[in-house]
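Comments concern the structure below.
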Amino acid sequence: MFRIKYHVLFIVSFLVNGLLIFIIISPGLTEKLSGMYPGVGPEQTKESYQKKTDPDEQVLMALMNNEVRRKDRGQALPAVSPEVNPVYKGSSFRQVLQGFIGQLEKGQFSQNELEAIQNSIQANEEAAGLVMEAILASGTSYDTKSVLVEMLSLRNDSLTMNFAMELLQNPDHPMQALGGDLASRIIRNGRASQMLESVIWGNYPPETQQIVQSVIQSVGNISVDDHDKEQVAHLLDDYMINGGESFRPAALTSLAALEANDPEALNQLADRYLDDKNEDIRLAAIQTLYNMENGQLSADVQSKLLEISNDTNQSYYIRSAALQILGDFVESHRKNLQ
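With the sequence shown counted from 1, adding 10 to any position gets you this note's numbering.
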């Protein structure tokens, strides 16, 4: 009996060892097993560990890196060799642009091609015009058009400003949004007063008002030199006096942002518009005071805020806003005295 068990154990051990040897010397078996059972088999490939990046993010990062390099060279167009980043014209640019758009739609692009197209847009109006046609054309995704808008905005000239206005006045809402994006980018790129003057006096479909308001408000969030700031402030102030009601609250908000941390200027703005007949203007006048990090409310402004907070003819929203700003400044003054 003992001899029989011994033979059985010997046979089982022999089969197990044989199977292990077969697995070791058979190169394709582990790959087959890993295909049948994920997680089993050799170590994963390098690609499986690579972080997947949003194609749009890749494009925007490439544009950003290209612009940083350009600024480091003094804002001038780079001297590109034909072999590296050629500047395309006419039909050749149209063909390259169509191919580039096709790659953008697939989430793929070439860095050299990206820079070549961007250089071509800045180098000649014909290329810029073809990009504008592509933005207006149907069949291209909104994300791809957004990338083209960003590339186009780097021209920063009257051609692109006129196109921004054309998009803003387009009856199609996605086109209006692209126009707002282009106008805001042009403002940030150093043409604040020129772009603002066109935007603030333009005629738009009613549904475009919110987009235009955002463009106007973006003026207050940029860093401008004293000369540009004076021009922008003059345009906004002129619109507050002579413009329509649609964009006056946005204009007042931008005026206050430009005068941030200037208590005297902010008190004057609030004092001028706290008793305006338009409730939205009165609310914007109250909110301008939040730009005052230092300083105190003038006696006239405090008096008007108290009057508003106690006026039952005012809406609850306006009254509570006036009371809130008064309370915030009283609390701030108390803390400063401690």
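We put the CB at the ideal spot given by N, CA and C, even for glycine.
Sequence-distant residues of the same chain with beta carbon closer than 8 Å to residue i, five excluded per side
i, result
"PRO65", "With a pLDDT of 47 at PRO65, under the threshold of 50, the modelled position of this residue cannot be trusted, and the question is left open."
"ALA89", "At ALA89 the pLDDT is 38, less than 50, meaning the model places this residue with poor confidence; the figure from the coordinates comes in the next sentence. Excluding sequence neighbours, ALA89 sits near nothing in its chain."
"GLY212", "MET175, LEU178, GLN179 and VAL222"
"MET46", "With a pLDDT of 43 at MET46, under the threshold of 50, the predicted position of this residue should be treated as unreliable, and no value is reported."
"ILE328", "GLU289, ARG292, LEU293, ILE296 and ILE318"
"TYR249", "ILE210, TRP211, PHE257, ARG258 and ALA261"
"ASN304", "ASN271 and PRO273"
"GLN219", "SER256 and PHE257"
Assigned secondary structure, residue i (DSSP; H/G/I helix, E/B strand, else coil)
i, result
"GLY253", "coil"
"ALA270", "coil"
"VAL141", "helix"
"ILE226", "helix"
"SER165", "The question names Ser, yet the displayed sequence has Arg at residue 165. Of the three classes helix, strand and coil, the one that applies to ARG165 here is coil, per DSSP."
"ILE232", "coil"
"ALA147", "coil"
"GLU350", "Because the chain spans 11 through 348 in this model, residue 350 falls outside it and cannot be assessed."
"MET46", "Caution is warranted here: a pLDDT of 43 is assigned to MET46, below 50, making its placement in the model unreliable, and the coordinate value is therefore given only provisionally. Note: MET46 maps to helix in three-state DSSP."
"GLN179", "coil"
"ALA331", "helix"
"GLY109", "helix"
"GLN241", "helix"
"PRO216", "helix"
"THR40", "Because the pLDDT at THR40 is just 45, under 50, the model does not fix this residue reliably, and the value given afterwards should be weighed accordingly. The answer is helix: DSSP assigns THR40 an H, G or I state."
"GLN118", "coil"
"SER58", "Unreliable positioning characterises SER58 in this predicted model, as indicated by a pLDDT of 37, which lies under 50. The coordinate reading is nonetheless provided below. In this structure, SER58 counts as helix in the three-state DSSP scheme."
"VAL157", "helix"
"SER308", "coil"
"TYR98", "coil"
Residue range of the unbroken alpha helix (DSSP H) whose run includes residue i
i, result
"ALA294", "289-298"
"ARG195", "183-198"
"ASN122", "121-133"
"GLN324", "Per DSSP, GLN324 belongs to no alpha helix (DSSP H) and is neither H nor E."
"GLN204", "202-210"
Candidates the options: closest to residue i by CA position
i, options, result
"LEU146", "PRO181, GLN128 and LEU164", "PRO181"
"ASN122", "GLU135, LEU107 and ILE291", "LEU107"
"VAL97", "ILE111, ALA138 and THR298", "ALA138"
"GLY253", "GLU240, GLU269 and ILE291", "ILE291"
"SER224", "ASP281, THR263, SER319 and ALA144", "THR263"
"GLU160", "LEU188, SER325, GLN179 and THR150", "LEU188"
"ASP286", "GLN306, ASN271 and GLU255", "GLU255"
"SER233", "ILE251, ARG201, GLU217 and ASP191", "ARG201"
"ALA155", "ASN166, ASP167 and MET142", "The sequence shown places Lys at residue 155, not Ala. Here the closest residue by C-alpha is MET142."
"PHE110", "THR150, ASN320 and PRO184", "THR150"
"GLY230", "LEU164, ALA280, ASN301 and SER168", "ASN301"
"ASN355", "LEU268, GLN128, HIS183 and ALA267", "For the chain, the structure presents residues 11 to 348; residue 355 sits outside this window and is missing."
"TYR152", "GLN306, ASP191, LEU299 and ASP338", "ASP191"
"TYR283", "PRO184, LEU268, ILE251 and GLN186", "ILE251"
"LEU1", "TYR326, MET185 and PHE103", "The first residue shown for the chain is 11 and the last is 348, placing residue 1 beyond what the model contains."
Close beta carbons around residue i, own chain, < 7 Å, minus the five adjacent residues each side
i, result
"SER208", "MET171 and MET175"
"SER203", "ASP238, GLN241, VAL242 and LEU245"
"ALA144", "LEU107, ILE111, THR150 and LEU158"
"SER330", "none"
Outcome for residue i when other beta-carbon atoms lying within 10 angstroms are tallied against a minimum of 16
i, result
"ALA309", "exposed"
"ARG79", "Residue confidence is low: ARG79 scores 46 on pLDDT, short of 50, so the model does not pin down where it sits. No coordinate-derived value is stated."
"ILE196", "buried"
"LEU279", "buried"
"GLU135", "exposed"
Close Cβ partners of residue i (< 6 Å) along its chain, the five nearest in sequence each way excluded
i, result
"ALA133", "VAL97"
"ASN277", "SER308 and VAL311"
"THR322", "none"
"GLN227", "ALA260, THR263 and SER264"
"ILE335", "ILE296 and LEU299"
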